[in-house]
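Numbering (the numbering used here), first residue to last: 16 to 329. Read the structure below first, then the notes.
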Amino acid sequence: MPTLAATPEQLVAEMLDSGVKLPPLPSIGATLLGIVRQPIDTIDTRKLTSLVESDPSLSARLLRMANSPYYGASGTVTSLRQAVVMIGLEETVQTLYYYVLLRAMPQFPAIGGFSCDAHWTHSWACATAARMLGRPQLFVRSMPGELYLAGLLHGIGRLALALHRTEDFRRCVALATEKAQPLHEAEREALGFDHAALGARLLDAWNLPVSIQMAVAHHLAPDEAPEAHREMASLIQLAYALANQAGFGAGVLAIQIDPASTVIARDGQSAFSKPDILESLTRDIATELNKKSEAALAAPDETGHEQATDAPPI
16 MPTLAATPEQ
26 LVAEMLDSGV
36 KLPPLPSIGA
46 TLLGIVRQPI
56 DTIDTRKLTS
66 LVESDPSLSA
76 RLLRMANSPY
86 YGASGTVTSL
96 RQAVVMIGLE
106 ETVQTLYYYV
116 LLRAMPQFPA
126 IGGFSCDAHW
136 THSWACATAA
146 RMLGRPQLFV
156 RSMPGELYLA
166 GLLHGIGRLA
176 LALHRTEDFR
186 RCVALATEKA
196 QPLHEAEREA
206 LGFDHAALGA
216 RLLDAWNLPV
226 SIQMAVAHHL
236 APDEAPEAHR
246 EMASLIQLAY
256 ALANQAGFGA
266 GVLAIQIDPA
276 STVIARDGQS
286 AFSKPDILES
296 LTRDIATELN
306 KKSEAALAAP
316 DETGHEQATD
326 APPI
């Protein structure tokens, strides 16, 4: 199969110049991006509430989430301010960004073995796990907000391929299935690069921070990341493994990696290399994902996207 483009940069340029492309980051998403990256104690709750009030579908989503059984306030939360208090400010901001990004994506063609909605479910789980890995007591330098964004966007390059080069992406899926190999290996064989490299270039076009670009670019092989970005890439790899182990994403074409085999769990220096801490995190994250998934993912949003479960994310 011929390579689609000589480099990921060329393919992103081709995408941005074509009539069939991923949309630009929505204006409300760009605003939320800035808020997500702020220290939590500097976020203006009133400004955030006003921003959400300008978007009725987001308002409805947030109220529905706050009234879900997970938060124990079914039917009693009637205002956005109450919803933010119930859900928590940090959780609210990051969940809103997930909804905005999901809604911005166009409908994708049917591709056997690949579900766009299931992909986003996995991405949400990876983002949520990544944020939990950023707890201060774990002594990481990476900020929880940036970890969440990197986890959410780690597979964006795959969606770009599925949308922009559908037939070539179908052949990648078929090749991975035929050879029983992870899809990113089939991408490299067929295209000359993988979705992680493409995704990083797309995030550059969206003007996202370099730290997030590098985490996405190197989450498949964190030990190859520049030293300044190795920790975040390693944490995204671990979050991916923990999300899969919790039941949010493992599939025949996904990377199957034991959390204990990830780069950061084998470094012998971080808290994650201690078996008791890793086991505790594995339990805590699985519990959190399974409890929270009903509140965050159960209902379709107003664009008609539903959290499909007919195919695993790859």
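Heads up, the beta-carbon is just placed ideally off N, CA and C, and yes, glycines get one too. Note that the structure is predicted; figures quoted are calculated from it, not measured.
Contact between A140 and G283 is ruled out by a C-beta separation of about 28 Å, above the 8 Å threshold. Only residues of its own chain outside the window of five on either side were considered, and among them L176, A177 have a CB closer than 6 Å to the CB of F184, listed in chain order.
For G44, the closest alpha carbon among the candidates S69, R96, V231 is that of S69. For P71, the enclosing alpha helix (DSSP H) starts and ends at 71-81. Contact annotation: L304 and I279 have beta-carbon atoms that are not nearer than 8 Å. Using a C-beta cut-off of 8 Å, the region 49-57 makes no contact with the region 78-96, since fewer than three inter-stretch Cβ pairs fall below that distance. Between L148 and L162, the CB-CB gap stays under 8 Å.
Rounded to the nearest whole angstrom, the C-alpha separation of T107 and V99 is 6 Å. Taking 8 Å as the cut-off, the Cβ atoms of A230 and A248 count as close.
Pairing H134 with G172 gives a Cβ-Cβ distance that is not under 8 Å. At the C-beta level, G166 and A254 come within 8 Å of one another. Around the CB of R146, 16 or more other CB atoms lie within 10 Å, so the residue is classed as buried. For I227, the uninterrupted alpha helix (DSSP H) run begins and ends at 225-233, by DSSP. Distance check between P23 and each of L111, G90, E182, L206 places L206 closest, using alpha-carbon atoms only. Comparing C-alpha distances from R61 to each of L104, L78, A28, P71 shows the shortest one belongs to L104. The shortest CA-to-CA distance from A119 to any of C131, V92, I126 is the one to C131. For F123, there is no enclosing alpha helix (DSSP H), as DSSP gives it neither H nor E. Taking 8 Å as the cut-off, the Cβ atoms of E246 and R186 do not count as close. As summarised for the region 257-315, the continuous alpha helix (DSSP H) elements at least 4 residues long and confined to that stretch are 290-312, given in chain order.
E204 and P121 have their alpha carbons spaced roughly 27 Å apart.
Less than 8 Å divides the Cβ of A256 from the Cβ of P274.
Remark: C-beta atoms of Y114 and R150 do not approach each other more closely than 8 Å.
For E182, the enclosing alpha helix (DSSP H) covers residues 181-194.
With contacts defined by Cβ atoms closer than 8 Å, L218 and I227 form a contacting pair.
The DSSP-derived three-state label of A236 is coil. Residues V67, E68, L95 of the same chain have their beta carbon placed closer than 8 Å to that of S74, with the five preceding and five following residues left out of the count. DSSP places H199 in the helix class (H, G or I) of the three-state scheme.
Excluding the 5 residues flanking it on each side, A201 has same chain C-beta neighbours closer than 6 Å at C187, L190, A191, in chain order. DSSP, reduced to helix, strand and coil, places H210 within a helical segment of the structure shown. Leaving aside the five residues that flank A301 on each side, the residues in its chain whose CB is nearer than 6 Å to its CB run, in chain order, A261. Note on Q271: under 16 other CB atoms within 10 angstroms of its CB, so exposed under the neighbour-count rule.
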